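Asker:
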Amino acid sequence: MQKQKILIIGSGGREHAIGWKVAQSPDVGQIFFAPGNGGTGKIGINVDIKATDILGLLEFAKKEKIDLTLALPDDLLALGIVDEFKKAGLRIWGPTKSAAKLEWSKAFSKNFMKKHKLPTAKFEIFTDCEKAKEYVQKQSFPIVVKASGLALGKGVIIAKTKEEAFKALENILVKKVFGNSNNEVVIEEFLVGPEISIHMFSDGKNYKMFPTSQDHKKIGENDIGLNTGGMGTIAPLPFVNSELFKNIEKEIVAQTIQAMQKDSNSFLGVLYPGLILTQDGPKILEYNARFGDPETQTYMRLLETDILDIFNACIDGTLDKQKIVWKKASACTVVLASSGYPENYEKGKVISGIEEAEKNADIVIFHAGTKIEKSTRQDLVQNLITNGGRVLGVSAVGNTLEEALTKAYKAIEKISFQDMYYRHDIGQSALKISKII
Ligand code: AMP
Ligand code: GLY
27 MQKQKILIIG SGGREHAIGW KVAQSPDVGQ IFFAPGNGGT GKIGINVDIK ATDILGLLEF
87 AKKEKIDLTL ALPDDLLALG IVDEFKKAGL RIWGPTKSAA KLEWSKAFSK NFMKKHKLPT
147 AKFEIFTDCE KAKEYVQKQS FPIVVKASGL ALGKGVIIAK TKEEAFKALE NILVKKVFGN
207 SNNEVVIEEF LVGPEISIHM FSDGKNYKMF PTSQDHKKIG ENDIGLNTGG MGTIAPLPFV
267 NSELFKNIEK EIVAQTIQAM QKDSNSFLGV LYPGLILTQD GPKILEYNAR FGDPETQTYM
327 RLLETDILDI FNACIDGTLD KQKIVWKKAS ACTVVLASSG YPENYEKGKV ISGIEEAEKN
387 ADIVIFHAGT KIEKSTRQDL VQNLITNGGR VLGVSAVGNT LEEALTKAYK AIEKISFQDM
447 YYRHDIGQSA LKISKII
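Numbering (our numbering), first residue to last: 27 to 463.
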C-alpha cells in the first residue's frame with residue numbers, strides 16, 4: 027500500500043502529540059501541520075496556513091493530494107471544515123459543524139441534555155439581560171453564568187454574589203465582550219465535586235472509551251486564580267473505580283452517542299464530556315467536540331494501537347471491529363508556561379534543555395507556543411524560542427501516577443527559559459482523593 031499523506035490542523039501541544047503518534051504508523055508517509063509549531067516541524071512539514079483558513083486548507087489538501095486531514099481545534103470545527111472538505115470529496119476526520127454544536131453552543135448542548143434526560147446542572151437560557159437578572163434575583167449563590175458560544179475558555183463566570191452575576195450578564199449580553207454573535211447566556215446551578223475528563227472515539231454509531239483523565243485548569247497551585255487552557259493532566263484517575271467508569275459509559279457516553287444518532291446528528295470524532303462527580307452521581311458540565319489539550323498529550327503516551335487505524339475506522343464506520351489497546355501504566359503532562367499567562371506575557375525567550383530532558387525514554391516533550399527563530403545566516407544554529415502562553419508539555423509514563431509525576435518534575439529541572447512558570451501540584455488532589463475513597 028502506498029504511504030499516506032496526512033494533514034494535521036492546529037498549532038498546540040495536542041497537535042504535536044497527535045502528530046507524534048501518527049508518525050509512528052507504518053502506513054504514514056509525509057505529515058503536514060498547518061500552521062504547526064517549533065516541535066511539529068521536526069516530525070513533519072509546517073505549512074504557513076492559519077488553522078481557520080478553510081479555503082487555504084482546502085486548496086493545499088487538493089494540491090498535495092492529502093489522503094487524510096485531521097481537524098482538531100474547536101473554532102475550526104465550529105466553522106464547518108469537515109462539511110467543506112467532504113463537499114470537495116476530501117477525506118477528513120472530525121465532527122460536522124452541526125454535530126460539533128455540542129461544543130460551540132452551550133444553549134444547544136444544554137437543551138440536548140434536557141431533551142434526552144442526560145444528567146446535567148439545572149439551567150435556564152436567556153438572551154434578554156433584564157429577564158436574566160430577574161431570574162438571578164431568585165437564585166442562591168454561587169451561580170454559574172456562561173456565554174453560549176466559544177469564548178477562548180473565558181466564557182464561564184462563577185458568580186459568588188448577585189452583583190458578580192449581574193456584571194457577567196451585562197458583559198455578555200450588553201457589552202458583548204465575547205462578540206456580537208455570542209448573545210445568549212446559560213445560567214446554571216453550581217455543582218460540587220471532583221472534575222474529570224472523559225474522552226471517546228466515535229464513528230457515529232459505535233464508540234470506544236479512553237481511560238479517564240483530569241486537567242488542572244486554574245493558573246495557580248491548589249486551583250487558585252484565573253482559568254487557563256489547562257496546566258497539566260493525569261490519566262487514568264486513581265479514584266474512578268470500574269463500577270463508576272461503567273456507569274459513566276452506560277449513562278453518559280452510550281446515551282449521548284445514541285441520542286445524537288436519534289436526532290440525525292451523528293457524532294464522528296472524539297467527544298470529550300467534562301464531568302463533575304457530585305454526591306448525586308456524575309453530571310455533565312459541558313461537551314467538547316474534540317480531543318482535550320493537554321489531555322491528549324497524556325493520552326498519546328498511553329495509546330498502543332496505531333492511531334491511523336482508529337481514525338480510518340471512525341470514518342469507515344467500523345469502530346466496533348477496531349481493537350484499541352491502552353498501556354497498563356500511568357501518564358501525566360505538566361505544562362510549562364510563560365509567566366503572566368493567561369493574561370500578558372512576553373515571547374521570544376530562548377528555550378534550552380529539551381534534548382537533555384528527553385534522554386530519559388519515559389519523557390516526551392510536546393511543543394505548544396514555540397517556534398524556531400528565523401535567521402538569515404545559514405551557518406548559525408537556530409534557537410528554539412517561546413511563542414505563546416503555554417510553551418511546552420512535559421509528559422511522562424510510569425508504573426504508578428506517583429512515579430510518572432516524579433519523572434516529569436525531574437525532567438523539568440533540566441529545561442529552562444526566562445520567566446518559565448509551572449504548577450508544582452499536578453496530580454496531587456487526585457492522589458489525595460484516592461486515599462479517601
Ligand atoms: P467550561 O468552559 O464549561 O468547561 O467551564 C469552565 C470551568 O468552570 C469548568 O472546568 C468548571 O471548573 C467550572 N464550571 C462550569 N460549570 C460549572 C458548574 N455548573 N458548577 C461548578 N463549576 C462549573
Ligand atoms: N483540557 C481543556 C480543554 O481542552 O478544553
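The beta carbon of each residue, even a glycine, is placed where N, CA and C say it ideally should be.
If you're wondering where the values come from, they're calculated on a predicted model, not measured in any experiment.
Would you list the residues sitting across from Leu217 in a DSSP beta bridge?
Answerer: BP columns for Leu217 are empty, so no partner.
Asker: Please give the ranges of any alpha helix (DSSP H) in the segment 63 to 122, keeping only runs that are unbroken, at least 4 residues long and fully inside the region.
Answerer: DSSP runs (the alpha helix (DSSP H)) wholly in the segment 63 to 122: 66 to 69, 80 to 90, 100 to 104 and 107 to 113.
Asker: Just to check, is the beta-carbon of Glu321 closer than 7 Å to a non-hydrogen atom of ligand 2?
Answerer: For ligand 2, at least one heavy atom lies less than 7 Å from the Cβ of Glu321.
Asker: Quick check on the DSSP output: the alpha helix (DSSP H) that includes His393 runs from which residue to which?
Answerer: Run containing His393: none in the alpha helix (DSSP H); it sits in the beta strand (DSSP E), Ile389 to His393.
Asker: Nearer than 7 Å: is that true of the beta carbon of Phe152 relative to any heavy atom of ligand 1?
Answerer: no
Asker: Between which two residues does the alpha helix (DSSP H) holding Ser356 run?
Answerer: First-last for Ser356: Ser356 to Ser364, but that is the beta strand (DSSP E), not the alpha helix (DSSP H).
Asker: Go through its chain and collect everything with a Cβ distance to Leu94's Cβ below 7 Å, but skip five positions before and after it.
Answerer: Gln30, Ile32, Arg117, Trp119 and Phe337
Asker: Measure the C-alpha to C-alpha separation of His288 and Leu176 and round it to an integer number of angstroms.
Answerer: For the record, residue 288 in the displayed sequence is Lys; it is not His. Taking the straight line joining both Cα atoms gives about 25 Å.
Asker: Could you give the uninterrupted runs of the alpha helix (DSSP H) lying entirely in the segment 128 to 163, keeping only those of 4 residues or more?
Answerer: 132 to 141 and 155 to 163
Asker: For a test of the three-state rule: what should DSSP assign to Ala125, helix, strand or coil?
Answerer: helix
Asker: Under the criterion of a Cβ to heavy atom distance below 7 Å, does Asn273 qualify as lining ligand 4?
Answerer: Among the ligands modelled here, namely ligand 1 and ligand 2, ligand 4 does not occur.
Asker: From the DSSP output, which residues share a beta bridge with Thr396?
Answerer: DSSP output for Thr396 lists Thr412 as bridge partner(s).
Asker: Along the beta strand (DSSP E) that carries Thr259, what are the first and last residues, could you check?
Answerer: Gly258 to Ala261
Asker: Using a Cβ-Cβ cut-off of 8 Å (strictly less than) and excluding sequence neighbours within five positions of Ile389, which residues of its own chain qualify?
Answerer: Ala383, Val420, Ser421, Ala422, Lys433, Ala434 and Ala437
Asker: Taking 7 Å as the cut-off, does the CB of Gly256 come closer than this to any heavy atom belonging to ligand 1?
Answerer: Not under cutoff, so the answer is no.
Asker: Below 8 Å on the Cβ atoms is my guess for Tyr447 versus Ala394; work out the distance and round it to an integer in Å.
Answerer: The Cβ separation is near 14 Å, so there is no contact.
Asker: Between Gly307 and the rest of its own chain, which residues show a CB-CB distance below 7 Å, the 5 nearest in sequence each way excluded?
Answerer: Pro145
Asker: To the nearest whole angstrom, what separates the beta carbons of Gln240 and Thr259, a pair I think is in contact under 8 Å?
Answerer: 6 Å
Asker: Cα separation between Ile245 and Leu102?
Answerer: 26 Å
Asker: Cα separation between Ser268 and Phe152?
Answerer: 39 Å
Asker: So what's Thr324 in DSSP terms, helix, strand or just coil?
Answerer: helix
Asker: Using a Cβ-Cβ cutoff of less than 7 Å, which residues in the same chain neighbour Ser442 once the five nearest sequence positions on both sides are dropped?
Answerer: Ser378 and Gly379
Asker: Considering just the uninterrupted stretch of the beta strand (DSSP E) at Ser228, what are its terminal residues?
Answerer: Met226 to Asp229
Asker: Based on DSSP bridge pairs, tell me the residues matched to Pro299.
Answerer: Secondary-structure assignment with DSSP links Pro299 through a beta bridge to Tyr313.
Asker: By Cβ distance below 7 Å, which residues in the same chain neighbour Gly453 in space, the five residues on each side in sequence not counted?
Answerer: The residues are Ile260, Cys358, Leu427 and Leu431.
Asker: Please name the residue or residues paired with Tyr233 in a DSSP beta bridge.
Answerer: Ser228
Asker: Buried or exposed: which applies to Thr396, given that a residue is buried once 16 or more other Cβ atoms fall within 10 Å of its Cβ?
Answerer: Per the 10 Å Cβ criterion, buried.
Asker: On a CA-only basis, which of Pro220, Gly414 and Glu210 is nearest Ile462? Give me that one, please.
Answerer: Pro220
Asker: Measure the CB-CB distance between Lys375 and Asp445 and report whether it falls below 8 Å.
Answerer: yes
Asker: Would you identify the three-state DSSP class for Phe58, choosing helix, strand or coil?
Answerer: strand
Asker: If you count every other CB in all the chains shown that lies within 10 Å of the CB of Phe265, and 16 or more means buried, which is it?
Answerer: buried
Asker: Would DSSP call Gly343 helix, strand or coil?
Answerer: coil
Asker: Please go through the segment 165 to 207 and give each complete beta strand (DSSP E) segment of 3 or more residues, from N-terminal end onward.
Answerer: 169 to 173 and 182 to 185
Asker: Check whether the segment 132 to 139 touches the segment 191 to 208, counting contact only when three or more Cβ pairs, one atom from each stretch, lie closer than 8 Å.
Answerer: No: the two stretches stay apart, fewer than three of their Cβ pairs being nearer than 8 Å.
Asker: Hey, Ser292 and Ala125: beta-carbon distance below 8 Å or not?
Answerer: Taking 8 Å as the Cβ cut-off, Ser292 and Ala125 qualify as a contacting pair.
Asker: So is Pro99 buried or exposed if we call it buried at 16+ other beta carbons inside 10 Å?
Answerer: Around the beta carbon of Pro99, 16 or more other beta carbons sit within 10 angstroms, so the residue counts as buried.
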